[in-house]
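Engineer: Going line by line, the protein sequences match chains S and V. Sequential numbering from 5 applies to the first sequence in this note's numbering. Sequential numbering from 14 applies to the second sequence in this note's numbering. Pasting a structure below so you can have a look.
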Amino acid sequence: MKNLIFLFLLVSLNSYSQEKEKIIFLFENDRDTVINSQSDNIYMIEGKHTFKFINGKHEKVEVNFNSVKEHLVTYKEFLKKNKSKKYPELFSNYVFYILIKEKNSSACLIQVEKVWLVEDKMVD
Amino acid sequence: MYIEANGCNGFAQAAAEAMCEGGEVDWAYEVILDSSFVNNPCLYGVYEDMGKAPTFNNYLQNFEPQFSVAHLRLSTSTTLPSTTNAETSAPQNYVITITFNVNNLDRPRLSVARTFIHEMIHAEMFRKLLSVAQHPSIQLSQEQLIQLRNDFPGLYDYYKRWKWEVPEGQSPSSAQHQAMAQHYRDIIEQALREFDDSHPDELYEALAWIGLEDTVTWSNLSQTERDNINQTITDFNSSNSDNCQ
Numbered sequence: 005m006k007n008l009i010f011l012f013l014l015v016s017l018n019s020y021s022q023e024k025e026k027i028i029f030l031f032e033n034d035r036d037t038v039i040n041s042q043s044d045n046i047y048m049i050e051g052k053h054t055f056k057f058i059n060g061k062h063e064k065v066e067v068n069f070n071s072v073k074e075h076l077v078t079y080k081e082f083l084k085k086n087k088s089k090k091y092p093e094l095f096s097n098y099v100f101y102i103l104i105k106e107k108n109s110s111a112c113l114i115q116v117e118k119v120w121l122v123e124d125k126m127v128d
Numbered sequence: 014m015y016i017e018a019n020g021c022n023g024f025a026q027a028a029a030e031a032m033c034e035g036g037e038v039d040w041a042y043e044v045i046l047d048s049s050f051v052n053n054p055c056l057y058g059v060y061e062d063m064g065k066a067p068t069f070n071n072y073l074q075n076f077e078p079q080f081s082v083a084h085l086r087l088s089t090s091t092t093l094p095s096t097t098n099a100e101t102s103a104p105q106n107y108v109i110t111i112t113f114n115v116n117n118l119d120r121p122r123l124s125v126a127r128t129f130i131h132e133m134i135h136a137e138m139f140r141k142l143l144s145v146a147q148h149p150s151i152q153l154s155q156e157q158l159i160q161l162r163n164d165f166p167g168l169y170d171y172y173k174r175w176k177w178e179v180p181e182g183q184s185p186s187s188a189q190h191q192a193m194a195q196h197y198r199d200i201i202e203q204a205l206r207e208f209d210d211s212h213p214d215e216l217y218e219a220l221a222w223i224g225l226e227d228t229v230t231w232s233n234l235s236q237t238e239r240d241n242i243n244q245t246i247t248d249f250n251s252s253n254s255d256n257c258q
């Protein structure tokens with residue numbers, strides 16, 4: 005009986021402590037943009053989807069591009085995967101990364117979080 | 014006195030700068046009037062008259078300190094493109110700035126008043142967004158987006174559909190203009206009637222459409238309706254009646 009309870013607790017704890025799924029978007033220099041501020045960077049992919057890197061909260065690591073590229077998804081694929089989930093709550097289920105390809109086969113993997121921006125100004 | 018009560022916030026700093034440069038500050042509403050705005054008889058005159066109109070004044074009151082974290086600044090420019098009557102900037106250090114093109118004031122006062130209320134509605138939308146962001150500029154986290162959805166569902170819905178998650182096959186567009194075309198034209202018409210009620214209804218209805226021609230609501234009108242609106246506006250602008258400058 006004790007063993008059974010232990011097993012139940014272990015399974016429960018394990019399911020609670022499961023890591024969030026990682027989502028990696030490719031940053032393409034000729035298409036995407038970075039908005040720099042004093043300590044944070046905002047990465048805009050596919051012209052409109054914005055993700056924020058917060059210095060001190062998120063990390064950047066050097067990786068081998070080939071080892072990561074098979075995990076890349078487009079924003080469209082990400083949304084399609086989550087189309088039955090409530091927006092914007094669905095973003096809580098993931099940890100997001102931006103991958104920037106560098107020289108040779110290296111790349112920079114940057115942890116980010118979703119942020120929603122509005123236009124700088126309205127012109128009439 | 015203000016700084017003693019409120020601290021040296023972004024508004025106090027911007028207000029002090031404006032006053033040093035000959036501008037005015039409406040301390041009650043926390044509205045900064047740049048000297049270039051105060052010294053322009055057309056703009057300042059329309060502003061004063063619009064302030065007597067309840068609809069415009071209600072929007073102005075939303076910037077009073079007890080209601081808002083946002084402050085309003087009215088300014089001018091001589092370098093805006095000729096196609097631009099005015100622009101409203103998103104909050105910077107809690108200050109929303111409406112900048113008028115002083116080269117585009119050779120038109121009826123009612124037309125300039127139309128620009129005022131149109132820009133004031135943009136400022137109001139930015140104010141709502143800032144009230145959720147609670148940050149000198151607008152960057153919404155997931156929690157804040159949920160709060161926007163709860164507090165201002167209409168604004169949330171338009172931004173989601175037209176900026177943040179534009180459906181495939183649909184081009185991004187101005188969420189604020191889409192919302193204004195669908196829900197705010199009556200308010201624009203009302204503000205203009207309160208400013209000057211001497212014109213036929215079709216003129217107020219036509220003026221309310223200006224600046225909203227890139228919207229779905231406009232494109233849903235028939236070609237005849239659009240032509241009639243454009244003709245009404247053209248006739249009014251060329252009448253040279255009561256020109257502002």
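Even for Gly, the Cβ is constructed at its ideal location relative to N, Cα and C.
8 Å is my cut-off, CB to CB: does P185(V) come that close to chain S?
Structural biologist: Yes, P185(V) lies at the interface with chain S (some Cβ there is under 8 Å from its Cβ).
Engineer: Output, in chain order, the set of chain V residues within a Cβ distance shorter than 8 Å of V119(S).
Structural biologist: Those are Q152, L153 and S154, listed as they occur along chain V.
Engineer: Have a look at V179(V), V125(V), G182(V) and T110(V) and flag the residue whose alpha-carbon is nearest the alpha-carbon of S150(V).
Structural biologist: Comparing Cα-Cα distances from S150(V) to each of V179(V), V125(V), G182(V) and T110(V), the minimum goes to T110(V).
Engineer: Please list, in chain order, the residues of the region 68 to 99 of chain S that have any C-beta partner in chain V closer than 8 Å.
Structural biologist: Going along the region 68 to 99 of chain S in chain order, one finds K80, L83, Y91, P92, E93, F95 and S96 with a Cβ nearer than 8 Å to chain V.
Engineer: Exposed or buried, which one is N53(V) when buried takes at least 16 other CB atoms within 10 Å?
Structural biologist: Under this definition N53(V) is a buried residue.
Engineer: Using a Cβ distance threshold of 8 Å, determine whether the region 77 to 84 of chain V contacts the region 94 to 103 of chain V, with at least three qualifying pairs required.
Structural biologist: Touching, no.
Engineer: Please list, in chain order, the chain V residues whose beta carbon lies closer than 8 Å to that of K52(S).
Structural biologist: Ordered by position in chain V, the residues that pass the 8 Å Cβ test against K52(S) are K176, W177, V179 and P185.
Engineer: Starting from K85(S) and walking both ways along the alpha helix (DSSP H), at which residues does that stretch end?
Structural biologist: Looking at the DSSP string, the run of the alpha helix (DSSP H) that includes K85(S) is Y79 to K85.
Engineer: Is K52(S) helix, strand or coil by DSSP?
Structural biologist: Here K52(S) sits in coil by DSSP.
Engineer: So, at 8 Å on beta carbons, what are the nonlocal neighbours of L12(V) in its own chain, with the 5 sequence-adjacent residues on each side left out?
Structural biologist: A query on residue 12(V) cannot be resolved here, the shown segment of chain V reaching from 14 to 258 and no further.
Engineer: Could you run through the region 90 to 105 of chain V and flag, in chain order, every residue whose CB is less than 8 Å away from some CB of chain S?
Structural biologist: Here the close residues are T97, N98, A99, E100, T101, S102 and A103.
Engineer: I'd like to know if W231(V) contacts chain S, where contact means its C-beta is closer than 8 Å to some C-beta of that chain.
Structural biologist: With 8 Å as the cut-off, W231(V) does not count as an interface residue toward chain S.
Engineer: Can a CB atom of chain S be found closer than 8 Å to the CB of G224(V)?
Structural biologist: Cβ-Cβ to chain S under 8 Å: yes for G224(V).
Engineer: Please confirm whether E123(S) has its beta-carbon closer than 8 Å to some beta-carbon of chain V.
Structural biologist: So, interface residue.
Engineer: Just to check, is the beta-carbon of V108(V) closer than 7 Å to a non-hydrogen atom of the ligand ADP?
Structural biologist: This structure simply doesn't include the ligand ADP, nor any ligand for that matter.
Engineer: With 8 Å as the threshold, decide whether the Cβ of Q244(V) is near any Cβ in chain S.
Structural biologist: It does not: the Cβ of Q244(V) has no partner Cβ on chain S nearer than 8 Å.
Engineer: Judging by CA-CA distance, which residue of D124(S), H53(S) and E23(S) is the nearest neighbour of I102(S)?
Structural biologist: The option with the nearest alpha carbon to I102(S) is H53(S).
Engineer: Rounding to the nearest angstrom, what Cα-Cα distance links E30(V) and S90(V) in this structure?
Structural biologist: Approximately 17 Å between the Cα atoms of the pair.
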